[in-house]
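Numbering follows our numbering, with no gaps: position 197 of the sequence shown is 197.
Even glycine gets a Cβ: it sits at the ideal position worked out from N, Cα and C.
Just so you know, these numbers come straight off a predicted model, no measurement behind them.
First comes the structure, then the notes that go with it.
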Amino acid sequence: LTLGGRLTLARRKAKMLVDGDAGSTSDWDDRWNHIKKFLERSGPFMHPDFEPSTESLQFMLETCKILVIGAGGLGCELLKNLALSGFRNIHVVDMDNIDVSNLNRQFLFRAKDVGRPKADVAADFINSRVPGCFCPSFYLYLEFHIIVCGLDSIVARRWMNGMLLSLLVYEDGVLDPSSIIPLIDGGTEGFKGNARVILPGMTACIDCTLELYPPQINFPMCTIASMPRLPEHCIEYVRILQWPKEMPFGDDMALDGDDPEHIQWVYQKSLERAAEFSITGVTYRLTQGVVKRIIPAVASTNAAIAAACATEVFKIASSAYLPLNNYMVFNDVDGLYTYTFEAERKENCSACSQVPSDLHFSPSSKLQEVLDYLTESTSLQMKSPAITTTMDGKNKTLYLQSVASIEQRTRPNLTKTLNELGLADGQELAVADVTTPQTVLFKLCFTS
Ligand SMILES: [Zn+2]
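See the structure below:
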């Protein structure tokens with residue numbers, strides 16, 4: 001199916017869902033004129049199969065359900081943009097509470113809201129400012145037409161990606177397009193950002209392009225320990241090596257990035273270390289930034305990325321314009337640069353391909369090596385994988401980290417070889433991890 005065909009299909013589906021009762025909401029004359037200009041007359045950028053009509057707007061106003069994941073810097077922008085674009089059935093999820101440091105850019109929150117759940121306050125704000133908008137807190141993923149992510153966590157993104165993949169329906173290996181829920185994903189980091197459109201099962205998913213997300217920057221230990229060049233190296237030295245050795249606040253006191261006394265101690269020690277190597281630039285603020293792994297949030301980057309994401313939601317919901325195909329990068333570190341490319345599906349993607357990936361190991365490899373591969377491979381980047389298999393018709397847990405008693409019981413397996421564990425060539429391993437709601441299947445391929 002071409003993208004155009006897919007969307008025509010989506011539109012047909014959408015039309016079926018439109019119910020006749022359109023005039024029941026609190027609209028005033030000309031309220032949606034700015035939207036109608038895009039949907040009720042033709043223009044040069046219109047989708048070739050689109051016929052202008054009043055139906056698209058009615059669908060957006062009455063039927064289309066959007067789930068916004070994340071009510072932080074991107075989420076606030078997204079909710080505002082979507083609510084003002086004619087979407088009235090917007091649901092929002094966020095696990096965080098409001099912190100005072102959010103208030104400079106997360107503009108749906110005020111000082112009085114500090115400590116309250118972000119999702120509740122954001123929904124209340126939108127409901128009170130955009131009449132007729134409805135933001136309830138209960139939801140099922142299946143009921144949404146489109147999902148938008150404005151998250152700062154790659155793990156949460158991957159989990160959402162996996163959730164939408166798990167909802168896909170295949171008949172005789174053929175994907176049923178009506179089971180696709182488009183995912184619009186926005187991400188920002190300082191002055192850089194990206195927006196992408198994912199049609200799960202059809203276009204590149206989050207895990208297909210995992211290599212694009214660099215692993216968290218950790219300085220090499222040898223640099224930190226013996227040849228620091230940057231102020232950050234000195235702070236990391238104190239954080240990783242000096243703190244556990246000196247335990248300045250008592251034996252069991254872990255370094256707390258929110259405790260000013262702790263930061264002050266690290267700051268002073270980092271200054272001493274920096275002086276030793278004639279390095280300048282260690283400040284209290286930088287110390288706190290390195291200890292808490294703070295990446296400065298830039299409100300204008302969030303605004304640009306959220307605008308791109310909300311526009312994609314509008315284009316897909318109305319099917320009036322061709323959506324982004326499928327990955328836009330945005331960078332205004334030096335000047336302003338954007339670039340769009342088509343990220344490709346990975347044939348053996350562990351999340352969206354229908355075939356179990358192969359794991360190549362020698363029978364004399366230890367289970368620990370398999371575990372290391374699952375966490376360190378750039379295309380998998382799992383966090384705490386639990387490995388199970390089936391032997392003689394029974395489920396057997398080879399290793400599981402998240403439950404202490406099972407971890408203890410299965411830990412000895414890590415030093416055993418695959419042979420000793422009784423695993424055979426071609427054996428299926430089922431791996432569960434926080435990066436996906438589904439179990440990922442792997443096939444063990446013995447190398448000689
Ligand atoms: Zn994939």
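Annotation: residue 305 is outside any beta strand (DSSP E); the continuous alpha helix (DSSP H) that includes it extends over 299–318. Between ligand 1 and the CB of residue 207, the shortest heavy atom gap is smaller than 6 Å. Counting along the chain, residue 231 sits inside the alpha helix (DSSP H) bounded by residues 231–237.
Here the alpha carbon of residue 206 sits roughly 6 Å from the alpha carbon of residue 158. For residue 222, the number of other beta carbons within 10 angstroms of its own is below 16, and it is reported as exposed.
Pairing residue 56 with residue 82 gives a Cβ-Cβ distance that is not under 7 Å. If one requires a minimum length of 3 residues, the beta strand (DSSP E) runs lying completely within the segment 50–111 are 65–69, 89–93, in chain order. Runs of the alpha helix (DSSP H) lying entirely within the segment 343–388, each at least 4 residues long, are 367–376 in chain order. A buried status is given to residue 108, since no fewer than 16 other beta-carbon atoms sit within 10 Å of its beta-carbon. Annotation for residue 213: no beta strand (DSSP E) segment contains it, and DSSP assigns it neither H nor E.
Relative to the non-hydrogen atoms of ligand 1, the Cβ of residue 445 never comes closer than 6 Å to any of them. Partner residues in the beta bridge of residue 428, as assigned by DSSP, are 443. In this chain, the beta strand (DSSP E) harbouring residue 330 covers 327–331. Close CB contacts of residue 52 within its chain, under the 6 Å cut and outside five residues either way in sequence, are with 40, 41, 42 (chain order).
According to the DSSP assignment, residue 272 belongs to no beta strand (DSSP E) but to the alpha helix (DSSP H) extending over 260–276. Ranked by how close their Cα comes to the Cα of residue 440, the residues 351, 208, 305 have 351 in first place. Taking each of 401, 389, 199 in turn and checking the Cα distance to residue 442, the smallest one comes out for 389. Look at residue 352: its beta carbon is less than 6 Å from one of the heavy atoms in ligand 1.
Shown here for residue 184: same chain residues with a beta carbon closer than 8 Å to its own, the five before and five after excluded, namely 146, 147, 148, 149, 195, 196, 197, 198, 309, 312, 313, 316 in chain order. Looking at the DSSP output, residue 280 sits in no beta bridge, so it has no partner there. Cα atoms of residue 329 and residue 301: separation of roughly 11 Å, rounded to the nearest angstrom. Contact check for residue 365 and residue 417: beta-carbon distance about 6 Å, within the 8 Å limit, so the pair qualifies.
For residue 418, there is no enclosing alpha helix (DSSP H), as DSSP marks it with neither H nor E.
Relative to ligand 1, the beta carbon of residue 76 is positioned no closer than 6 Å to any heavy atom. Around the CB of residue 445, fewer than 16 other CB atoms lie within 10 Å, so the residue is classed as exposed.
In summary, residue 419 is exposed, with fewer than 16 beta-carbon neighbours lying within 10 Å of its beta-carbon over all protein chains present. For residue 289, there are no CB contacts under 7 Å within the same chain when 5 residues up- and downstream are skipped. The alpha-carbon of residue 384 is positioned some 7 Å away from that of residue 402. For residue 181, no pairing in a beta bridge is given by DSSP. Rounded to whole angstroms, the gap between the alpha carbons of residue 326 and residue 252 is 49 Å.
Counting the other Cβ atoms within 10 Å of the Cβ of residue 34 gives fewer than 16, which makes it exposed. Around the beta carbon of residue 260, fewer than 16 other beta carbons lie within 10 angstroms, which makes this residue exposed.
For residue 127, the uninterrupted alpha helix (DSSP H) segment begins and ends at 118–129. Per DSSP, the unbroken alpha helix (DSSP H) holding residue 162 starts and ends at 154–166. Residue 349 has its CB nearer than 6 Å to a heavy atom of ligand 1. If you check the CB distance, residue 190 and residue 298 come in under 7 Å.
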